[in-house]
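UniProt numbering puts the sequence shown at residues 1 to 854.
Using N, Cα and C, we set each Cβ at its ideal position, and we do this for glycine too.
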Amino acid sequence: MNLGFDSTVLVAQLQNCAKNKDLVEGIKAHAIVLKRGLQESCSHVGNNLVKMYSRCGMLTKAYQTLQDLYIQDIMAWSALIGSYVERGQAHDALHCYNKMQLEGLRPNSVSIILALKACGMAKMLLQGIQIHNDISRFGILKEHTMLGNALINMYAKCGALSKARKILEELRTRNVVSWSSLIAGHAQQKQCRDAFNCFKQMEEEGIAPNDVTFICLLKACASIGAADKGQKIHNEIARHALLGKCTALDNALVDMYAKCGDIKKAERVFEEIPTRDVASWSALISGYTQCGQGENALNCFERMLCEGITPNNVAFLCVLKACGSIGALNKGEQIHDEIIRQKLLGKDPLLGNALVDMYVKCGAFATAHEVLYGLHERDVISWSTLILGHLQQGHDEEALICFKSMQREGFSPDTVTLVLALKACGNIGSIEIGKEIHEEVARRGLLKHDISLGNALVDMYAKCGRLIKARQVLEELPIRDVITWSALISGYADKGHGENALDCFEQMQSEGISPNAVSYLSVLKACGSIGATDRGGKIHEEIRTKGLLRDNVKLGNALVCMYTKCGAITEARKVIEEFSIQDATSWNALIIGYVQKGQGENAVLLFEMMLCKGITPDGKTFACILKACGAMGQYNKGKQIHDEIARRGLLVKDVVLSNVLVDMYAKCGALTKAQEVFDKLPTADVIAWSSLVATYGQEGQFKNALECFEQMLLNGIMPDRVAFSCVLNACSHSGLVDEGQIYFTQMMPDFGITPDSEHFTCMVDLLGRAGQLLRAMSLTRKMPSCDYAAVWSALMGACQKWGDAGIGKWAFDNAICMDKEDAATYVSMFNIYMAAGMHEEAYRIKTILVDNLA
Numbered sequence: 001m002n003l004g005f006d007s008t009v010l011v012a013q014l015q016n017c018a019k020n021k022d023l024v025e026g027i028k029a030h031a032i033v034l035k036r037g038l039q040e041s042c043s044h045v046g047n048n049l050v051k052m053y054s055r056c057g058m059l060t061k062a063y064q065t066l067q068d069l070y071i072q073d074i075m076a077w078s079a080l081i082g083s084y085v086e087r088g089q090a091h092d093a094l095h096c097y098n099k100m101q102l103e104g105l106r107p108n109s110v111s112i113i114l115a116l117k118a119c120g121m122a123k124m125l126l127q128g129i130q131i132h133n134d135i136s137r138f139g140i141l142k143e144h145t146m147l148g149n150a151l152i153n154m155y156a157k158c159g160a161l162s163k164a165r166k167i168l169e170e171l172r173t174r175n176v177v178s179w180s181s182l183i184a185g186h187a188q189q190k191q192c193r194d195a196f197n198c199f200k201q202m203e204e205e206g207i208a209p210n211d212v213t214f215i216c217l218l219k220a221c222a223s224i225g226a227a228d229k230g231q232k233i234h235n236e237i238a239r240h241a242l243l244g245k246c247t248a249l250d251n252a253l254v255d256m257y258a259k260c261g262d263i264k265k266a267e268r269v270f271e272e273i274p275t276r277d278v279a280s281w282s283a284l285i286s287g288y289t290q291c292g293q294g295e296n297a298l299n300c301f302e303r304m305l306c307e308g309i310t311p312n313n314v315a316f317l318c319v320l321k322a323c324g325s326i327g328a329l330n331k332g333e334q335i336h337d338e339i340i341r342q343k344l345l346g347k348d349p350l351l352g353n354a355l356v357d358m359y360v361k362c363g364a365f366a367t368a369h370e371v372l373y374g375l376h377e378r379d380v381i382s383w384s385t386l387i388l389g390h391l392q393q394g395h396d397e398e399a400l401i402c403f404k405s406m407q408r409e410g411f412s413p414d415t416v417t418l419v420l421a422l423k424a425c426g427n428i429g430s431i432e433i434g435k436e437i438h439e440e441v442a443r444r445g446l447l448k449h450d451i452s453l454g455n456a457l458v459d460m461y462a463k464c465g466r467l468i469k470a471r472q473v474l475e476e477l478p479i480r481d482v483i484t485w486s487a488l489i490s491g492y493a494d495k496g497h498g499e500n501a502l503d504c505f506e507q508m509q510s511e512g513i514s515p516n517a518v519s520y521l522s523v524l525k526a527c528g529s530i531g532a533t534d535r536g537g538k539i540h541e542e543i544r545t546k547g548l549l550r551d552n553v554k555l556g557n558a559l560v561c562m563y564t565k566c567g568a569i570t571e572a573r574k575v576i577e578e579f580s581i582q583d584a585t586s587w588n589a590l591i592i593g594y595v596q597k598g599q600g601e602n603a604v605l606l607f608e609m610m611l612c613k614g615i616t617p618d619g620k621t622f623a624c625i626l627k628a629c630g631a632m633g634q635y636n637k638g639k640q641i642h643d644e645i646a647r648r649g650l651l652v653k654d655v656v657l658s659n660v661l662v663d664m665y666a667k668c669g670a671l672t673k674a675q676e677v678f679d680k681l682p683t684a685d686v687i688a689w690s691s692l693v694a695t696y697g698q699e700g701q702f703k704n705a706l707e708c709f710e711q712m713l714l715n716g717i718m719p720d721r722v723a724f725s726c727v728l729n730a731c732s733h734s735g736l737v738d739e740g741q742i743y744f745t746q747m748m749p750d751f752g753i754t755p756d757s758e759h760f761t762c763m764v765d766l767l768g769r770a771g772q773l774l775r776a777m778s779l780t781r782k783m784p785s786c787d788y789a790a791v792w793s794a795l796m797g798a799c800q801k802w803g804d805a806g807i808g809k810w811a812f813d814n815a816i817c818m819d820k821e822d823a824a825t826y827v828s829m830f831n832i833y834m835a836a837g838m839h840e841e842a843y844r845i846k847t848i849l850v851d852n853l854a
């Protein structure tokens, strides 16, 4: 009797401890059980011990206790499995389910339902199918709606929606849970239309939706931004009088409107919630962040705290994202401190990753690294977050260092991480690391399953200039899409292989792959680079037919740039006018086109029209129009532009613009003004220095020109071809033969610049003016090409001055090898003979000239 009484009392005590989750009293009761030997002798007591530990969250202890029992019952196992499921430990739950069967216990409906729930949580479809087969073998499915619902839920969560639908249709009795599970599956897969079709069929069967049904439908709407459908569901919820009665449903409404971008409606719904919980606030905070209102998100978080709501992990995740979106580092650090105070960091890896992401987006990379290395459980996502942050800030080398560190720690990079690393390799041309990643991808057989990796490899090789390898990778891919081809087309276009880019574009289309905006951008660039106006026009027509220009400013700009580079200024202008492009990039391209064609007046007129249309010019616009003013010598217009630039404060921000100003004033002959602007430059580039050198030379201030060139060298500015042309011209006009010779001979050995036609012309002119015709003649023999017409013209001019018919005839023979019908060459030779008193030869040349012109 005592044993019976004791066991009954202890069972009641253990059940009470389980109900109240009173672990302390439960442990005391366990001690009594052990003392009296009831754990082995009384299965009822032992099984209730397992339940007590399970309910109190001591799952390891519960499992150990269960293993120690002489007799185990199905209820104890079910309690343990249920506790694992409650805590999200799906794999442990399924381990217990399988272990239970190995112990000889046949699952009941409760344990089966729990196991199916675990399969859905862990996306373990094969285990779910096995359990389904067991149910079918038991022959209990059609009559057991709860089991059927559990199967529908499992298949839906695993993405096997056709199988879930089949189970639903086979059930003799289906209820709101059956349909809601299927609707939830469609929502998870972003299949909004299918979710609504299920809802419609459910109502046709006379089954009334509940709050869970509506929550699933709202999630479906939120997943694809279907605000109109979401509004209809909102109306249905109101019709069923459910508004304000279920906080979870109200929260789902807030979340739906926020994700659909209608933050005002989200706010209205939020304010009408009678009892707001932390999920309500989190939904609104997240909504503000998604809509680009980071400040409002932080204010909302503060308001939540003021109302006494303690943030949970989800709320912290949302507010950290908000901090990152607006660079609110100080606030982010405060939230970090609060997370540490609540001891949440070690419990949730998502929080650690969110902190890394926040610090990265705020530019605090050192702290981001500290947080990552301080995490108890770093994972691939943690590393990928840091790598992505470095990439977004242009820190490609640091991104690859992180990638290598991750590998050294034994983490196997997933597809996302590999794609990021390949992008970094492409950005900085790190071909060796790119090859290593390619080898790993091939070794793991990843290209068979993920097209994004193949695309990233093609892009990496293309950006590194390995276009043959990029093409090879593309050809070997099992599947290729428009992104694959676009990466290769872009690579060819960027490296100046326009014809290859066009060939790829045509092959892509022949494979039935329709170009997207990115591929059109690249192929238009290719057309511009090779002057393929006709092909560009056909592509323009394709783009127009598809209606892509209505919403894509970049495409409009690309068309304008293509036509401009092809010299088709009229067509470029038509594109701007046809689509009313208000973007400065297109107008800049057209202005550049006019300047390059020597139509400075049209460039200025276009600039004025741009201002009239309210289009804000940028630094590039002003630089283009200043070049036009310089080319035309329009000092007054250039001065007006200068004043406007100063008024907008652009000179402080844009050093290039200041250098262009120097060039403009110099070309207008305003040497004093050019020097004034130059003296105020924080950093003068080679263009500004060259402009001053050229202007001093043109004004006859040759000493100043040479001093300016020398000062440029002292300032560490490397001269370019134009700079050498300017200084050699100054030497030529001032007769400084020795100085000119020194500069000329320095070009290749000291600065790596091979002299071209203009440099040889300057030197021949310099030597010719000084009467050193033999040296001039000797110099021409060192030219890389004889096709330098200006050189022969300069030498013949010097021969005429000094009456040297011999060298003049030699120069003439070289000149007519290039163009036998050039009248100027014959006239020059005629003048040389006349100056030398060789009239007979002069008239013979004249006769040849007349015959050529006849």
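Quiz item: Should the segment 406-415 be regarded as contacting the segment 424-432, the criterion being three or more beta carbon pairs within less than 8 Å?
Solution: no
Exercise. Please say whether LYS667 and GLY630 have beta carbons closer to each other than 7 Å?
Key: yes
Exercise. In the DSSP assignment, find the alpha helix (DSSP H) that holds ASN552 and state where it starts and stops.
Key: No alpha helix (DSSP H) contains ASN552, which DSSP labels as neither H nor E.
Quiz item: If you run the structure through DSSP and keep just helix, strand and coil, what is MET146?
Solution: helix
Quiz prompt | Segments of 4+ residues assigned as alpha helix (DSSP H) that fall wholly inside the segment 755-780 | solution = 757-769, 773-780
Self-check item: As assigned by DSSP and simplified to three states, the class of GLN13
Solution: helix
Quiz item: Considering only C-alpha positions, which residue in the set VAL458, GLY225, ALA684 is nearest to ASP481?
Solution: VAL458
Quiz item: Around the C-beta of ASN659, are 16 or more other C-beta atoms found within 10 angstroms, so that it is buried, or is it exposed?
Solution: buried
Quiz item: When burial is assigned at 16 or more other CB atoms within 10 Å of the CB, is ASP68 buried or exposed?
Solution: exposed
Practice problem: For ALA584, collect the residues of the same chain with a Cβ closer than 7 Å to its Cβ; drop the 5 residues on either side in sequence, then sort them by chain order. | Solution: ILE615, THR616, PRO617, ASP618, THR621
Quiz prompt | Delimiting residues of the alpha helix (DSSP H) encompassing SER519 | solution = 517-530
Quiz item: GLY498 to CYS504, Cα distance in whole Å?
Solution: 10 Å
Quiz prompt | Contacts around GLU377, its chain only, beta-carbon distance under 7 Å, and the 5 residues preceding and following it disregarded | solution = PRO349
Quiz prompt | Local Cβ density within 10 Å of VAL652, reported as buried at 16 or more and exposed below that | solution = exposed
Quiz item: Helix, strand or coil for GLU333 per DSSP?
Solution: helix
Exercise. Put ASP851 into one of helix, strand or coil per three-state DSSP.
Key: helix
Quiz item: Between the C-alpha atoms of GLY104 and HIS95, what's the straight-line distance to the nearest angstrom?
Solution: 15 Å
Practice problem: If I'm right that LEU284 touches ALA315 with Cβ under 8 Å, what's the distance once you round it to whole angstroms? | Solution: Incorrect: roughly 10 Å between the Cβ atoms, too far for contact.
Quiz item: Do you know offhand how far ILE27's Cα is from PHE196's?
Solution: 51 Å
Quiz item: Does the beta carbon of GLY346 sit closer than 7 Å to a beta carbon anywhere in chain D?
Solution: No chain D appears in this structure, which consists of one protein chain only.
Exercise. Would you mind working out which of LEU161, VAL212, HIS144 sits nearest VAL177, comparing C-alpha positions?
Key: VAL212
Quiz item: Cα-Cα, which of GLU511, GLY537, LEU171 is closest to VAL523?
Solution: GLY537
Quiz item: Exposed or buried, which one is ARG268 when buried takes at least 16 other CB atoms within 10 Å?
Solution: exposed
Quiz item: Between the segment 697-704 and the segment 733-741, do at least 3 Cβ pairs fall closer than 8 Å?
Solution: yes
Exercise. For CYS817, name the three-state secondary structure that DSSP assigns.
Key: helix
Quiz item: From TRP179 to LEU80, what does the alpha carbon distance come to, in whole angstroms?
Solution: 29 Å
Practice problem: Have a look at GLN64, ALA226, LYS123 and flag the residue whose alpha-carbon is nearest the alpha-carbon of ALA90. | Solution: LYS123
Practice problem: Drop a sphere of 10 angstroms on the beta-carbon of GLY562, count the other beta-carbons inside from all chains shown, and report buried for 16 or more, exposed for fewer. | Solution: Reading off the sequence shown, one finds Met at residue 562, where the question assumed Gly. Buried, because 16 or more other Cβ atoms sit within 10 Å of the Cβ of MET562.
Quiz item: With 16 as the cutoff for other CB atoms within 10 Å, does ILE742 come out buried or exposed?
Solution: exposed
Exercise. Hey, could you find the ends of the alpha helix (DSSP H) TYR635 is sitting in?
Key: 635-647
Practice problem: Return helix, strand or coil for ARG36, following the three-state DSSP convention. | Solution: helix
Quiz prompt | Alpha-carbon to alpha-carbon, TYR594 and ASP534 | solution = 20 Å
Quiz item: Distance, Cα to Cα, GLY567 vs ILE530?
Solution: 11 Å
Quiz item: CA-CA distance, LEU657 and ASN636?
Solution: 18 Å
Quiz prompt | Buried versus exposed, by CB contacts within 10 Å (16 or more), CYS708 | solution = buried
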